[in-house]
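Residue numbers (this note's numbering): 78 to 293.
1. Does the Cβ of residue 172 have 16 or more other Cβ atoms within 10 Å, making it buried, or fewer, making it exposed?
2. To the nearest angstrom, how far is the alpha carbon of residue 93 from that of residue 158?
3. Does DSSP put residue 82 in a helix, in a strand, or in coil?
4. Using 8 Å as the threshold, is the region 98 to 116 in touch with the region 159 to 167, meaning 3 or more CB pairs across them?
5. Counting pairs of Cβ atoms below 8 Å between the region 225 to 237 and the region 251 to 267, do you hit three or more?
6. At what residues does the alpha helix (DSSP H) containing residue 164 begin and finish?
7. With a threshold of 16 other CB atoms inside 10 Å of the CB of residue 118, please say whether the residue is buried or exposed.
8. What residue range does the alpha helix (DSSP H) around residue 229 cover?
9. So is residue 276 buried or exposed if we call it buried at 16+ other beta carbons inside 10 Å?
10. From what residue to what residue does the alpha helix (DSSP H) around residue 98 run?
11. Taking all protein chains shown into account, decide if residue 109 is buried (16 or more other Cβ within 10 angstroms of its Cβ) or exposed.
12. Which same chain residues, not among the five before or five after residue 197, have their C-beta less than 7 Å away from its C-beta?
13. Given that a residue counts as buried once 16 or more other Cβ atoms are within 10 Å of its Cβ, and exposed if not, what is residue 120?
14. With DSSP as the reference, label residue 148 as helix, strand or coil.
15. Tell me whether the beta-carbon of residue 142 lies closer than 8 Å to the beta-carbon of residue 113.
16. Is the distance from the Cβ of residue 91 to the Cβ of residue 183 below 8 Å?
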């Protein structure tokens with residue numbers, strides 16, 4: 078029967094990386110125990126052995142002391158002690174946070190766009206000041222959106238042609254199919270941010286600090 082792989086527990090993983098850094102520092106388990114005792118964590122060599130084997134669960138303050146004794150950041154110890162499950166959990170947490178960040182940014186962009194369109198609709202004479210050598214001047218506030226989009230596409234194309242891709246703000250893929258799939262995903266996401274209707278009056282009130290609040 079094939080051996081079943083069992084993912085190491087966080088205690089075992091932390092103990093393994095602790096052992097690695099202890100040996101890098103050319104410290105014995107007794108040396109580490111003495112250093113930890115000096116720092117206020119009273120342990121002996123057998124306790125360090127249990128820690129490194131994953132048989133001793135640490136409190137948070139003790140983990141900080143271990144990191145201090147080894148002259149390494151706790152983040153470093155924890156990053157090397159990460160398990161596949163914890164890495165996935167952290168990645169999903171970041172994905173969830175970025176989802177909310179994207180939603181906030183996109184909705185804010187649409188609000189700002191609507192504000193510009195509304196202002197141009199009330200002051201159409203301002204359209205004459207919007208000029209582009211290739212795309213001319215938008216004839217209405219509705220055309221303004223398409224006019225801006227064309228300009229953005231052109232700028233992106235020009236940067237690519239000159240080899241000036243902003244890699245820090247560009248998601249790179251290996252094929253046109255992947256690119257199309259990514260764009261479709263983004264479009265599907267954005268579609269969930271837009272709905273038909275009107276804001277309730279209480280959604281448009283301002284909070285005490287003068288900012289718009291959805292919870293007023």
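Don't be surprised by glycine CBs; every beta carbon is placed ideally from N, CA and C. Just so you know, these numbers come straight off a predicted model, no measurement behind them.
Answer, in terms of the structure:
1. What you label residue 172 is simply residue 95 of the chain shown in a count that begins at 1. Label assigned to residue 172: exposed.
2. Indexing the chain shown from 1 puts residue 93 at position 16. Indexing the chain shown from 1 puts residue 158 at position 81. CA-CA distance, residue 93 to residue 158, rounds to 8 Å.
3. The count along the chain shown starts at 1 and reaches residue 82 at position 5. Low per-residue confidence applies at residue 82: pLDDT is 47, beneath 50, and the placement is therefore not dependable enough to give any value.
4. The region 98 to 116, when compared against the region 159 to 167, does not touch it at the 8 Å Cβ threshold.
5. No, the region 225 to 237 does not touch the region 251 to 267.
6. Taking the chain shown and counting its residues from 1, one reaches residue 164 at position 87. Looking at the DSSP string, the run of the alpha helix (DSSP H) that includes residue 164 is 161 to 199.
7. In the chain shown, residue 118 corresponds to position 41, counting from 1. The residue in question, residue 118, is buried, as its Cβ has 16 or more Cβ neighbours within 10 Å.
8. Position 152 of the chain shown holds residue 229. Per DSSP, residue 229 belongs to the alpha helix (DSSP H) from 218 to 238.
9. Here residue 276 refers to the residue found at position 199 of the chain shown. Counting C-beta atoms within 10 angstroms of its own C-beta, residue 276 has fewer than 16 neighbours from the protein chains shown and is therefore classed as exposed.
10. In the chain shown, the residue the question calls residue 98 occupies position 21. 87 to 101 is the extent of the alpha helix (DSSP H) around residue 98.
11. Mapped onto the chain shown, residue 109 falls at position 32. Burial call: buried.
12. Here residue 197 is taken as the residue at index 120 of the chain shown, counted from 1. Once the five neighbours on either side are set aside, the close Cβ partners of residue 197 are 203, 204, 218 and 221.
13. One-based indexing of the chain shown puts residue 120 at position 43. With 16 or more other Cβ atoms from the protein chains shown falling within 10 Å of its own Cβ, residue 120 counts as buried.
14. Here residue 148 is taken as the residue at index 71 of the chain shown, counted from 1. The answer is coil: DSSP assigns residue 148 none of H, G, I, E or B.
15. Numbered from its first residue, the chain shown carries residue 142 at position 65. Numbered from its first residue, the chain shown carries residue 113 at position 36. For residue 142 and residue 113, yes; Cβs fall inside 8 Å.
16. Your numbering for residue 91 matches position 14 in the chain shown. Your numbering for residue 183 matches position 106 in the chain shown. Against a cut-off of 8 Å, the Cβ pair of residue 183 and residue 91 comes out as no contact.
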